[in-house]
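Chains as they are written, first to last, in the working numbering: chain B, -11 to 241; chain R, 10 to 220.
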């Protein structure tokens, strides 16, 4: 971020600089109110645990005003932050009454999220400094399209009814002496989605029958089926049927 | 046999298209002796490191994979097309939030970043860096996000524990905050600069009109 800031100062605030470039860049600089606040605090060289709230609020509002003048659209998030700052400022002005239990510093309302945001910012910078695959380091087969669809004419996307038919077949195969044991811990649909996602990340696709090989209990089969429906709805998988063989496959998106 | 094992593993790693896990190696080699395999892999890693040639063996996403040296990237990029545009700062921030706080819902991500993150999330999903784990059973049933195995591959991480700890981040962040403060020390005061620039702009428009 500091590099971009310097660039801004370099050609932006230079009176002879290119105005157009200057405007465009500034739009990208402060992505959100948090960014702007971090910038103001850094610039003021104040301790984040002891923010001069009235000064910072003033600068923040001045900045919003300036953005308006420059016709830069800013989201409501900026306004929300302005109201938070103003609210803290007013609470700071209230005298604390004797005898009342000591209140928490009102500024903590902004300090806590700021610290969290700074932590994330440096975490993001550290991610960017890693050897990125496809940029600084490469594998023998660059960018493996592991999840690519089999765009085969022989494959059609199937509807819910074909799926229910297939499910009925699986259920029919379960022998009737497998009764639901109510005392057993049931796997949630959520948990099954997680398990299936892990398997599909490895294998990219699975046949419908394969999904049910491990879980022979009726309740388990139903949970698995519901999990697949949910995953299809979320767009995590798509389900296709091979026309000649009738085999239904689940593809990881 | 020991040498054989090492070179068999080497050939497997050469052929594999994604990181080979210990389980995969064990399966192919029909061996139960994880230690011997691990020792052979470690030896290979050391050999390639010592050679310091075109590529090295790295531990990524729970497996092992040959990867080119970062210092040759400019040459490689002349041969292969860049796979995907660089991730923006917003994308990296969102990714960092998810990596450290997963499983996490969108509103919690936006709470930390202070901005709408829908577009960024969609892009990260398209690039397979994050995935949906399901829905949280609270009003509105929001989607739950987590990072993928592909995320580990892209960022050359062994596993999620390989990420710097919050404490390490804080220390690095602190030094960064201090150095940034020093850099901005020489800069003009923001509001002054703004006023000057706004003034300049008006002057300039007047000038052009006059001409």
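Beta carbons are placed, not taken as given, at the ideal position from N, Cα and C, and that holds for glycine.
* Can you give me the start and stop residues for the beta strand (DSSP E) that residue 195 of chain B sits inside? => The residue you call residue 195 of chain B lines up with position 207 of the first chain. 193 to 195 is the span of the beta strand (DSSP E), which, as asked, contains residue 195 of chain B.
Buried or exposed (CB count within 10 angstroms, at least 16 for buried), residue 97 of chain R: If you number the second chain from 1, residue 97 of chain R lands on position 88. When all chains shown are included, residue 97 of chain R counts as exposed.
Review point. So, is the C-beta of residue 104 of chain B closer than 7 Å to a C-beta in chain R?
Key: If you number the first chain from 1, residue 104 of chain B lands on position 116. At least one chain R Cβ lies under 7 Å of residue 104 of chain B.
Say whether the region 82 to 90 of chain R touches the region 125 to 136 of chain R, bearing in mind that this needs 3 or more beta-carbon pairs closer than 8 Å, one atom from each stretch. no
inquiry  = According to DSSP, is residue 72 of chain B part of a helix, a strand, or is it coil?
reply    = In the first chain, the residue the question calls residue 72 of chain B occupies position 84. Correct three-state label for residue 72 of chain B: helix.
query = How is residue 43 of chain B classed by DSSP in three states: helix, strand or coil?
reply = As a first step, residue 43 of chain B must be located in the first chain, where it is residue number 55. It is helical.
- [ ] Compare the C-alpha of residue 103 of chain R against each of R:39, R:122, R:116 and name the closest.
- [x] Position 94 of the second chain, counted from the first residue, corresponds to residue 103 of chain R. Out of R:39, R:122, R:116, R:122 has the C-alpha closest to the C-alpha of residue 103 of chain R.
With a threshold of 8 Å, are at least 3 pairs of Cβ atoms found where one atom belongs to the region 104 to 111 of chain B and the other to the region 164 to 184 of chain R? yes
- Task: Could you check how far apart the C-beta atoms of residue 69 of chain B and residue 103 of chain B are, in whole angstroms? I think they sit under 8 Å.
- Result: Here residue 69 of chain B refers to the residue found at position 81 of the first chain. Here residue 103 of chain B refers to the residue found at position 115 of the first chain. No, residue 69 of chain B and residue 103 of chain B are not in contact; Cβ-Cβ is about 16 Å, not under 8 Å.
Legend entry - CB contact check: residue 112 of chain B to chain R, cutoff 7 Å: To locate residue 112 of chain B, count along the first chain from 1; it is residue 124. It does; some Cβ of chain R falls within 7 Å.
*C-alpha gap between residue 108 of chain R and residue 156 of chain R, whole angstroms*: As a first step, residue 108 of chain R is located in the second chain; it is residue number 99 there, counting from the start. As a first step, residue 156 of chain R is located in the second chain; it is residue number 147 there, counting from the start. C-alpha separation (whole angstroms): 6 Å.
Proximity of residue 223 of chain R and residue 100 of chain R at Cβ, strictly below 7 Å:
This structure does not reach residue 223 of chain R, given that chain R is present from 10 up to 220, and the question cannot be answered.
>> Residues in the same chain with beta-carbon distance under 6 Å from residue 210 of chain B, minus the five sequence neighbours each way, listed in chain order, please.
In response: By one-based count along the first chain, residue 210 of chain B stands at place 222. Nothing listed; no residue qualifies.
In whole angstroms, what separates the C-alpha of residue 76 of chain B from that of residue 148 of chain R? To locate residue 76 of chain B, count along the first chain from 1; it is residue 88. To locate residue 148 of chain R, count along the second chain from 1; it is residue 139. Approximately 30 Å, taken between the alpha carbons.
Point to revise | Interface partners of residue 77 of chain R on chain B, CB under 7 Å | key: Here the question's residue 77 of chain R lines up with position 68 in the second chain. Per Cβ cutoff of 7 Å: 125, 126.
**Asked** Going along the chain, which unbroken runs of the alpha helix (DSSP H) with 4 or more residues stay wholly within the region 54 to 100 of chain R?
**Response** 82 to 88
Mind listing the chain B neighbours of residue 121 of chain R? Cutoff is C-beta to C-beta under 8 Å, in chain order. Working through the second chain from its first residue, we reach residue 121 of chain R at position 112. Neighbours of residue 121 of chain R on chain B, chain order: 101, 104, 105, 108.
Fill in: Cβ of residue 19 of chain B within 7 Å of any chain R Cβ
Your numbering for residue 19 of chain B matches position 31 in the first chain. Yes - at least one Cβ of chain R is within 7 Å of the one on residue 19 of chain B.
| task | Mind checking which residues open and close the beta strand (DSSP E) that includes residue 141 of chain R? | result | Numbered from 1 along the second chain, position 132 holds the residue referred to as residue 141 of chain R. Counting along the chain, the beta strand (DSSP E) containing residue 141 of chain R begins and ends at 139 to 144.
message: For residue 121 of chain B, would you say it is in contact with chain R, using Cβ-to-Cβ distances shorter than 7 Å as the test?
response: Mapped onto the first chain, residue 121 of chain B falls at position 133. Answer yes: the Cβ-Cβ gap between residue 121 of chain B and chain R drops below 7 Å somewhere.
* To do: Assign residue 221 of chain R to buried or exposed, taking buried as 16 or more other Cβ atoms, counted over all protein chains shown, within 10 Å of its Cβ.
  => Residue coverage of chain R in this structure runs from 10 to 220, which leaves residue 221 of chain R outside it and unanswerable.
(Q) What would DSSP say about residue 22 of chain R, mapped onto helix, strand or coil? (A) Residue mapping note: residue 22 of chain R aligns to position 13 of the second chain, counting from 1. If DSSP states are grouped into helix, strand and coil, residue 22 of chain R belongs with the helices.
Who are the Cβ neighbours of residue 195 of chain R in its own chain at under 6 Å, not counting the five residues just before and after it? Translated into positions along the second chain, residue 195 of chain R becomes position 186. Below a pLDDT of 50, predicted positions are generally treated as unreliable, and residue 195 of chain R, at 33, falls in that range; the measurement from the model is reported next regardless. Nothing meets the Cβ criterion.
Could you round the C-beta distance between residue 69 of chain R and residue 18 of chain R to whole angstroms and report it? I think they count as a contact, below 8 Å. What you label residue 69 of chain R is simply residue 60 of the second chain in a count that begins at 1. What you label residue 18 of chain R is simply residue 9 of the second chain in a count that begins at 1. Their Cβ separation, rounded to whole angstroms, is 16 Å, which puts residue 69 of chain R and residue 18 of chain R out of contact at 8 Å.
*asked:* Is it the case that the region 211 to 219 of chain B contacts the region 176 to 185 of chain B, given that we only count it when at least three CB pairs across the two stretches are under 8 Å?
replied: Under the Cβ criterion (8 Å, minimum of three pairs), the region 176 to 185 of chain B counts as touching the region 211 to 219 of chain B.
Q.
Less than 7 Å between the C-beta atoms of residue 189 of chain B and residue 35 of chain R, yes or no?
A. Indexing the first chain from 1 puts residue 189 of chain B at position 201. Indexing the second chain from 1 puts residue 35 of chain R at position 26. No, they are not a contact pair.
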